[in-house]
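Sequence order for the protein chains is A and B.
Counting in the working numbering, the first sequence runs from 1 upward without gaps.
Counting in the working numbering, the second sequence runs from 1001 upward without gaps.
Take a look at the structure set out below.
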Amino acid sequence: MLAFIVRRIITTIPVMAFVALFVFSLLYIAPGDPAAVIAGDQASPADVEKIRASLGLDRPYLVRFAEWGFRVLQGDLGTSIFTSLPVTQLIAQRIEPTLSLMVLTLIFAVTIAVPMGVIAAWKAGSWIDRGAMAFAVFGFSVPVFVVGYLLAYVFALQLDWVPVQGYTPLSAGLWPWFRNLILPAITLGLVYIALIARITRATMLEVLQQDYVRTAQAKGVGQREVLFIHALKNAAVPIVTIIGIGIALLIGGAVVTESVFAIPGLGRLTVDAILRRDYPVIQGVVLMFSLVYVLVNLIIDLTYTLVDPRIRY
Amino acid sequence: MPNSIALHSAPATLPEPGIAPLPGRWTRFHRYLRRHPAVAIGGALLVLMALIGIFAPLLFTVDPTAIATSRRTRVPSELYWFGTDMLGRDIYSRVVYGARVSLVVGFSVAILSSIIGLSIGLFAGFVRWADGIVMRIIDGMMSIPPILLAIALMALTRGSIQNVIIAITVAEIPRVARLVRGVVLSLREQPYVEAAISNGARTPRIIFRHILPNTFAPMSVQATYICASAMIIEAILSFIGAGIPPATPSWGNIMAEGRALWQVKPHIILFPAIFLSITVLAVNLLGDGLRDSLDPRLAKAL
């Protein structure tokens, strides 16, 4: 068992190495010469060369990658060109809103999507099933900012139920924090719900045809118990897998949702960094999001091996 | 979606030979559409959007980039059907011309990423020693969320339609490559492929004759989903200012334009949002319909 876990952990190393190489190359091939920028307009070419040498920018690609990678491993993501602050500090400042939004969306989406998929599979072909699947197609098709503005217009501007935009930190109280995040979480969750509900329904349809489900029903086990205990438990692996993979959707969607709802999180940091061509920040955010994504999926895979002894890598 | 699942999987369009002559091309096409309404509806909406894009200059539009400060942020009226934006540009004209950008980006990305992904997938599926390396690279690319990958690539270049297409294509290639590789690996085990190998068929012949045609069904379904995803990513890139130059009418750009004023002038965002949603919906319906009709096994499941 330990060997399997170790092997699975080791497989993430080349993946993260590739991501690091990609992220590093981003800065390497980015237009603009950092040495010239630092030296300023008055500098002579010799001065620029001196600065280049002092920054180590004249050394070969792989040497610079190794140095950069070593610094990253020590938690140093470089310095923002625009604000001159360390990138790790910028990320730390912005992480709470994004993390709040994503965790809330995750909880909200899973609580809605899984029962939706289970019921759709149970009542396959009925109007409930068709309605749920129509909703899923809708969720895939309406872009996240369209949903965002629509919800904000109706529930914040017209009905005035929740604040229109902005973010209140968790330290200011649970309810103000939650109120600000309701609409963004629904907005961000729609695609995610569509994805999870579809996979849940598909997996459940397969599981419900198994012999043990028929046996349970023949024994007279209650319908709800059959669905949620016998069937859902056995359908859990693909569902949990898609929840993990779908986090990529959440990360991409967060960038947009934060723009729509003026939430000062990592998504906004990314957008601002792009507009200012602040490459170290872009690097840092991409690297961090990818690391989170890889780690979440690693943890999910490892949980399987603990929960279901049949699964081995 | 029809609930009679059995109907889907039955090879109903195959009449017994000798009893009745094979119906004409058109008849079969009509029957297919009736059996798969999602394909019919999605296809029709998509054709409509394409016609709107192609005939944009004839649809009572004015120059979509013409700025006139005297008529800024007008609400929809008889004169300006969808109103005007902050620079006084006619939103109806911009939305109609915007169909071109969305469709060009969607189709280009779908075609390009299919061709490149197919080549990589075939290569990985056949050249066994390269498979490990290729798959590690693909795993690495797939661990960067696609929108983030496209954003990072756009940060390297100027905003232009070509660059947007390239950035989204790069972000979508891994999905196709992985799909094709999976199909190739399972097809290689098929008896007819083994038979071809034992008959002395060379690798190119096996690939083009026996493997490639069998990748088309899953590929075409995947391509429609990529088309939909590309349209959304293009709109997102333009919306956050990392996409197509702001003057070019694209749905994402029009919405970006309306962002500052959305609380008082929601019409600026409303119309491009409706067009974008309908177009993506059309492509998704087409994809679902194709999947159901090409792969009856999946039709039951999803």
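For glycine and all other residues, C-beta sits at the position ideal for the given N, C-alpha and C.
Say whether chain B places a C-beta atom closer than 8 angstroms to the C-beta of residue i.
{"i": "Leu302/A", "result": "no"}
{"i": "Phe24/A", "result": "no"}
{"i": "Gly350/A", "result": "The structure shown does not extend to residue 350/A, since chain A is modelled only from 1 to 313, so the question has no answer here."}
{"i": "Tyr167/A", "result": "no"}
{"i": "Ser259/A", "result": "yes"}
{"i": "Ile29/A", "result": "yes"}
{"i": "Ala248/A", "result": "yes"}
{"i": "Phe82/A", "result": "no"}
{"i": "Phe65/A", "result": "no"}
{"i": "Tyr61/A", "result": "no"}
{"i": "Pro280/A", "result": "no"}
{"i": "Tyr153/A", "result": "yes"}
{"i": "Val163/A", "result": "Before going on, a small fix: residue 163/A reads as Pro here, not Val. It does not; no Cβ of chain B falls within 8 angstroms."}
{"i": "Val6/A", "result": "no"}
{"i": "Pro238/A", "result": "no"}
{"i": "Met97/A", "result": "The sequence given here places Pro at residue 97/A; Met does not occur at that position. Chain B, which has no Cβ nearer than 8 angstroms to the Cβ of Pro97/A, makes this no."}
{"i": "Pro176/A", "result": "no"}
{"i": "Val286/A", "result": "yes"}
{"i": "Val255/A", "result": "yes"}
{"i": "Phe18/A", "result": "yes"}
{"i": "Tyr212/A", "result": "no"}
{"i": "Leu73/A", "result": "no"}
So, is the C-beta of residue i closer than 8 angstroms to a C-beta in chain A?
{"i": "Phe1239/B", "result": "yes"}
{"i": "Leu1179/B", "result": "no"}
{"i": "Val1280/B", "result": "yes"}
{"i": "Ser1250/B", "result": "no"}
{"i": "Asn1284/B", "result": "yes"}
{"i": "Pro1145/B", "result": "yes"}
{"i": "Ala1235/B", "result": "yes"}
{"i": "Ile1116/B", "result": "no"}
{"i": "Ser1102/B", "result": "no"}
{"i": "Ile1052/B", "result": "no"}
{"i": "Asp1288/B", "result": "yes"}
{"i": "Ala1152/B", "result": "yes"}
{"i": "Asp1292/B", "result": "no"}
{"i": "Leu1048/B", "result": "no"}
{"i": "Ala1110/B", "result": "no"}
{"i": "Ser1277/B", "result": "yes"}
{"i": "Ile1041/B", "result": "no"}
{"i": "Ile1244/B", "result": "no"}
{"i": "Ile1232/B", "result": "yes"}
Strictly by DSSP, which residues pair up with residue i?
{"i": "Pro86/A", "result": "Thr79/A"}
{"i": "Asp1090/B", "result": "Thr1084/B"}
What distance in whole Å lies between the Cβ atoms of residue j and residue i, which are believed to be in contact at a cut-off of 8 angstroms?
{"i": "Pro143/A", "j": "Leu1276/B", "result": "6 angstroms"}
{"i": "Leu1148/B", "j": "Val271/A", "result": "Not really, about 11 angstroms apart at Cβ, beyond 8 angstroms."}
{"i": "Leu27/A", "j": "Pro264/A", "result": "No, Leu27/A and Pro264/A are not in contact; Cβ-Cβ is about 25 angstroms, not under 8 angstroms."}
{"i": "Asp290/A", "j": "Ser1143/B", "result": "Per the sequence shown, residue 290/A should be read as Ser rather than Asp. Right, the Cβ-Cβ distance comes to about 5 angstroms (below 8 angstroms), so this counts as a contact."}
{"i": "Ile1254/B", "j": "Pro1272/B", "result": "4 angstroms"}
{"i": "Phe1123/B", "j": "Thr1203/B", "result": "At roughly 11 angstroms, the Cβ-Cβ gap does not stay under 8 angstroms, so Phe1123/B and Thr1203/B are not in contact."}
{"i": "Asp308/A", "j": "Arg8/A", "result": "Their Cβ separation, rounded to whole angstroms, is 14 angstroms, which puts Asp308/A and Arg8/A out of contact at 8 angstroms."}
{"i": "Leu183/A", "j": "Ala152/A", "result": "6 angstroms"}
{"i": "Gly1258/B", "j": "Asp1085/B", "result": "7 angstroms"}
Closer than 7 angstroms to a non-hydrogen atom of the ligand SAH - does that hold for the CB of residue i?
{"i": "Lys233/A", "result": "The ligand SAH is not among the ligands present in this structure, which contains no ligands whatsoever."}
For a contact defined as C-beta to C-beta under 8 angstroms, what are the partners of residue i on chain D?
{"i": "Val15/A", "result": "Of the protein chains in the structure, A and B, none is chain D."}
* Fully enclosed by the stretch 1127-1200 of chain B, which alpha helix (DSSP H) runs are 4 residues long or longer? -> 1128-1142, 1146-1154, 1161-1188, 1191-1198
* For the stretch 119-146 of chain A, enumerate the residues whose C-beta is nearer than 7 angstroms to any C-beta of chain B, in chain order. => Gly125, Arg130, Met133, Val137, Phe140, Ser141, Val142, Pro143, Phe145, Val146
* To do: Would you list, in chain order, the members of the stretch 1155-1172 of chain B that have their beta-carbon closer than 7 angstroms to a beta-carbon of chain A?
  => Ala1155, Leu1156
* What residues from the stretch 101-113 of chain A come within 9 angstroms of chain B, judged by C-beta to C-beta, listed N to C? -> none
* **Residues of the stretch 1190-1209 of chain B whose Cβ lies closer than 9 angstroms to any Cβ of chain A, in chain order** => Cβ contacts with chain A come from no residue of the stretch 1190-1209 of chain B.
* Contacting positions in the stretch 1253-1272 of chain B - beta carbon closer than 7 angstroms to chain A -> Met1255, Trp1262, Gln1263, Pro1266, Ile1269
* Compile a chain-ordered list of the residues in the stretch 262-278 of chain A whose CB is closer than 7 angstroms to at least one CB of chain B. => Thr270, Val271, Ile274, Leu275, Arg277
* **Where the stretch 1122-1148 of chain B meets chain A: residues whose CB sits under 7 angstroms from a CB there** => Arg1136, Ile1137, Asp1139, Gly1140, Ser1143, Ile1144, Pro1145, Pro1146, Ile1147, Leu1148
* **Interfacial residues, the stretch 182-198 of chain A to chain B, with Cβ spacing under 9 angstroms** => Arg198
* To do: Determine which residues of the stretch 290-301 of chain A have a Cβ less than 7 angstroms from any Cβ of chain B, and write them out in chain order.
  => Ser290, Tyr293, Val294
* Which runs of the alpha helix (DSSP H), 4 residues or longer, sit entirely within the stretch 237-310 of chain A? -> You should have 247-260, 266-275, 279-307.
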